[in-house]
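Q: Dropping the structure in here first, questions after.
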Amino acid sequence: MAKSISRLQFLRGDWEGRSGLIRPPGSQSESHLMHTCTGCRTCIETCPAKIIRADKQRYPYIDFRYGECDFCGACAQVCDTEALTEFKAYAAPSTWRWRAQIQDQCLTEKAVVCRSCAEICEQGAIRFQLQAGGIAKPKLDADACNGCGACLSICPVQAVNLTQGEAHVRD
Ligand code: SF4
Ligand code: SF4
Ligand code: SF4
139 MAKSISRLQF LRGDWEGRSG LIRPPGSQSE SHLMHTCTGC RTCIETCPAK IIRADKQRYP
199 YIDFRYGECD FCGACAQVCD TEALTEFKAY AAPSTWRWRA QIQDQCLTEK AVVCRSCAEI
259 CEQGAIRFQL QAGGIAKPKL DADACNGCGA CLSICPVQAV NLTQGEAHVR D
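Reading the sequence shown from the start, the letters are residues 139 to 309 in this note's numbering.
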């Protein structure tokens, strides 16, 4: 079943809701991270996008308010303990299952024209379909989305979340 996060969780950086946070790409599981990460902060200091933060237990998570992940692989490359496993640079690792999800607070639901999310999406995963009334609404192509998070911070009404598992595609 798909899992999504709320606006409040977004602001808190609580990307996975009650079960935890969104960990950097290359992480295998919460339990693997807890057993291998020493809280050294090397990944945090290395990430060129500056989107990795430390949680209260000093484990790394991604806060997409600060930018997007381009899957450069630097965080995993510098991890000496293999808490983050190296992956092919500039391609999302197979363990990365996050996908964008567009919520009902999207401005187009109020007949306001906005295409910010589609304009920033390099994957072309958000397309607009003309609806009755003349307003085009976004539709996510979950197969094209790589979960980079670029569309989250650009949305003026925080209508985009990330969801894990089977992606929701809004009709
Ligand atoms: S893959 Fe690159 S951009 Fe993404 S979190 Fe790691 S270091 Fe940062
Ligand atoms: S950026 Fe946000 S408000 Fe604008 S079309 Fe995309 S989801 Fe809707
Ligand atoms: S998460 Fe990235 S790839 Fe997916 S829709 Fe948003 S900008 Fe596009």
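Note that beta-carbon positions come from the ideal geometry of N, C-alpha and C, so glycine has one too.
Which residue's Cα is closest to the Cα of Ala270: Leu171, Ser169, Ala249?
A: Of Leu171, Ser169, Ala249, the residue nearest in Cα terms is Ala249.
Q: Pick from Arg235, Cys213, Gly287: whose alpha carbon is nearest that of Pro162?
A: Ranking Arg235, Cys213, Gly287 by Cα distance to Pro162 puts Cys213 first.
Q: Three-state secondary structure (DSSP) at Leu290?
A: Looking at Leu290 - three-state DSSP - the assignment turns out to be helix.
Q: As a quick check of your reading: which residues have a C-beta less than 7 Å from at least one non-hydrogen atom of ligand 1, in chain order?
A: Matched residues: Pro162, Pro163, Cys181, Thr184, Cys185, Pro186, Ala187, Ile189, Ile190, Ile200, Cys207, Asp208, Phe209, Cys210, Gly211, Ala212, Cys213, Ala214.
Q: Starting from Thr174, trace the alpha helix (DSSP H) both ways and give me its first and last residue.
A: Where Thr174 is concerned, the enclosing alpha helix (DSSP H) stretches over 168-174.
Q: What's the gap between the Cα of Arg253 and the Cα of Tyr204?
A: Each residue's Cα considered, the two are about 20 Å apart.
Q: Out of Leu222, Ala229, Thr184, Gly164, which one is the CA nearest neighbour of Cys175?
A: Out of Leu222, Ala229, Thr184, Gly164, Leu222 has the C-alpha closest to the C-alpha of Cys175.
Q: For Ile258, report the span of its beta strand (DSSP E) as first-last.
A: Taken as a continuous stretch (DSSP letters only), Ile258 belongs to no beta strand (DSSP E), being part of the alpha helix (DSSP H) at 254-258.
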